[in-house]
Amino acid sequence: MYRHHLLFCFAVLTFLLPSSASAEWYQEQQDVMGTVISVEIWHANFAVAQQCKRQVFDEMHRIDALMSPYKTGSELYRLNKWAADYPVRVGDELFSLIERAQQISELSDGAFDITFASVGHMYNYRRQIHPSEEEIKAKLAAIDYHHIILNPENRTVHFSRPGVTIDLGGIAKGYAVDNSIEILARCGATNALVSAGGDSRILGDKGGRPWMMGIQHPRKREEVALVLPLSDTAISTSGDYERYFIDKGERHHHIISPRSGKSISTTISATVIGPDATTTDALSTTIFVLGSTGGVELVETLPGFDAIIIDSRGQVHYSSGLQTPGNSEEAQEPKKD
Ligand code: AMP
Ligand code: MG
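Under our numbering, the first residue of the sequence shown carries the number 6, and numbering increases by one thereafter.
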């Protein structure tokens with residue numbers, strides 16, 4: 006059975022034990038899509054490793070240029086602009102990712118919904134702007150994934166009403182990470198790690214040992230809340246500390262309830278572990294919205310997936326596939342500040 010082991014500690018330990026004398030780890034970080042992309046590859050050939058890392062960053066830029074809702078030249082920008090007027094024909098890749106997003110919406114009864122942006126794009130976290138109650142009310146009906154009409158034969162996307170905007174921010178980074186891992190595997194790497202902000206995927210392991218993957222402490226920037234030893238898997242964390250501001254005591258952050266058009270306040274961190282990063286990315290956002298009970302319930306129906314949710318009281322909830330070594334009473338849970 007598929008199980009993940011869980012360690013409780015507050016420091017990330019890394020092991021760098023080479024499994025062959027000639028190969029080495031090559032590491033590089035760059036800022037793309039507003040997040041830090043990190044690539045680590047174990048490879049026997051320096052030149053090949055450099056070239057493969059470059060291909061990964063190129064891939065990240067390519068996906069950003071295609072799927073950014075803000076870049077006026079992107080396919081998604083064009084789609085948002087015209088899809089309420091007529092069915093817009095899009096490329097295979099964008100069509101498939103929208104289809105995948107729609108499946109997650111069905112699965113979660115609309116907790117994951119890429120039309121959240123119909124209201125979500127009225128928030129500006131950098132400039133600390135949020136929509137008023139009236140503004141939310143006026144646009145809320147435009148949030149509903151059923152407004153997206155997909156025609157697989159013509160590969161068109163049509164919005165059934167005006168005012169609908171879609172944003173793939175909850176799934177595109179995971180997709181980019183999956184494509185990157187494919188690139189590195191094609192380069193002949195058997196061990197690699199690609200992270201894009203809160204979304205990571207591990208190919209193989211770290212030289213005969215698992216990677217010790219830290220989950221960011223949601224209230225202490227420099228700390229990890231817990232550490233998971235993982236190999237050959239994907240892991241995504243969604244948190245209310247990533248893009249947010251506080252106004253009159255209320256935290257406005259980037260994960261939006263499709264029902265209310267407001268930031269979710271019942272969860273502060275949600276992590277999903279599973280075979281591919283596209284799905285763990287979308288599911289981490291989904292279970293963040295669903296909260297501890299609904300989120301764990303959903304993940305329990307999905308073989309191969311596990312979840313860790315920290316609720317707004319600082320309590321940690323695990324899916325049943327995660328086992329705690331030793332006495333679980335020793336577990337230290339992050340406290341809300
Ligand atoms: P993540 O960092 O993967 O949790 O994704 C957060 C991003 O998902 C946000 O920045 C938005 O772009 C997008 N998002 C926010 N709320 C939702 C939602 N309810 N359904 C789908 N995507 C969302
Ligand atoms: Mg996510």
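Note that beta-carbon positions come from the ideal geometry of N, C-alpha and C, so glycine has one too.
Checking the sheet assignment: what are the DSSP bridge partners for residue i?
i: residue 240; result: 205 and 278
i: residue 170; result: Answer by DSSP bridge pairing: none, since residue 170 is not bridged.
i: residue 256; result: 251
i: residue 323; result: 313
i: residue 184; result: None, per the DSSP bridge assignment.
i: residue 235; result: 216
i: residue 47; result: 30 and 196
i: residue 129; result: 134
i: residue 35; result: 42
i: residue 272; result: 316
i: residue 161; result: 94 and 156
i: residue 221; result: 229
i: residue 68; result: Answer by DSSP bridge pairing: none, since residue 68 is not bridged.
If I measure Cβ to Cβ from residue i and keep anything under 6 angstroms in the same chain, skipping five residues before and after, which residues do I get?
i: residue 106; result: 119 and 176
i: residue 81; result: 72 and 74
i: residue 25; result: Confidence at residue 25 is low in this model, with a pLDDT of 48, below 50, so its placement is unreliable and no value can be given for it.
i: residue 275; result: 243, 289, 292, 293 and 314
Which residues in the same chain as residue i place their Cβ atom closer than 7 angstroms to its Cβ, once the five residues preceding and following it in sequence are excluded?
i: residue 260; result: 243, 245, 268, 269, 290, 293 and 294
i: residue 271; result: 296, 316 and 317
i: residue 283; result: 105, 176, 179, 180 and 183
i: residue 325; result: 305
Beta carbon of residue i: closer than 7 angstroms to some heavy atom of the ligand AMP?
i: residue 174; result: yes
i: residue 263; result: yes
i: residue 294; result: yes
i: residue 118; result: yes
i: residue 141; result: no
i: residue 300; result: no
i: residue 248; result: yes
Would the C-beta of residue i count as close to the ligand MG, meaning under 7 angstroms from any of its heavy atoms?
i: residue 287; result: yes
i: residue 241; result: yes
i: residue 77; result: no
i: residue 290; result: yes
So, for residue i: in the same chain, excluding its five sequence neighbours on each side, which residues have a beta-carbon less than 8 angstroms away from its beta-carbon?
i: residue 247; result: 202, 203, 258 and 259
i: residue 144; result: 123, 124, 127, 136, 168 and 266
i: residue 84; result: 93, 95, 99, 162 and 171
i: residue 70; result: 76, 78 and 79
i: residue 331; result: Confidence is the limiting factor: at residue 331 the pLDDT is only 48, short of 50, which leaves the residue's position unreliable, though a coordinate-based value still follows. Excluding sequence neighbours, residue 331 sits near nothing in its chain.
i: residue 48; result: 28, 29, 31, 54, 57, 192, 193 and 194
i: residue 333; result: Low confidence applies here, because residue 333 scores a pLDDT of 42, under 50, leaving its location unreliable and the question unanswered by this model.
i: residue 91; result: 163
So, are the CB atoms of residue i and residue j less than 8 angstroms apart?
i: residue 95; j: residue 53; result: no
i: residue 168; j: residue 181; result: no
i: residue 160; j: residue 100; result: yes
i: residue 194; j: residue 208; result: yes
i: residue 188; j: residue 55; result: no
i: residue 58; j: residue 44; result: yes
i: residue 150; j: residue 249; result: no
i: residue 117; j: residue 109; result: yes
On a Cα-Cα basis, can you pick out the residue from the options that is closest to residue i?
i: residue 253; options: 27, 71 and 135; result: 135
i: residue 35; options: 50, 82 and 64; result: 64
i: residue 232; options: 225, 240, 238 and 219; result: 219
i: residue 37; options: 84, 196 and 68; result: 68
i: residue 327; options: 91, 282, 311 and 299; result: 311
i: residue 214; options: 196, 226, 200 and 206; result: 196
i: residue 223; options: 273, 152, 300 and 121; result: 273
i: residue 103; options: 142, 174 and 51; result: 174
i: residue 240; options: 249, 256, 250 and 221; result: 221
i: residue 185; options: 216, 46 and 114; result: 46
i: residue 66; options: 91, 39 and 90; result: 39
i: residue 113; options: 322, 262 and 51; result: 262
i: residue 86; options: 249, 301 and 164; result: 164
i: residue 299; options: 286, 89, 323 and 154; result: 323
i: residue 277; options: 304, 226 and 89; result: 304
i: residue 216; options: 190, 89, 236 and 88; result: 236
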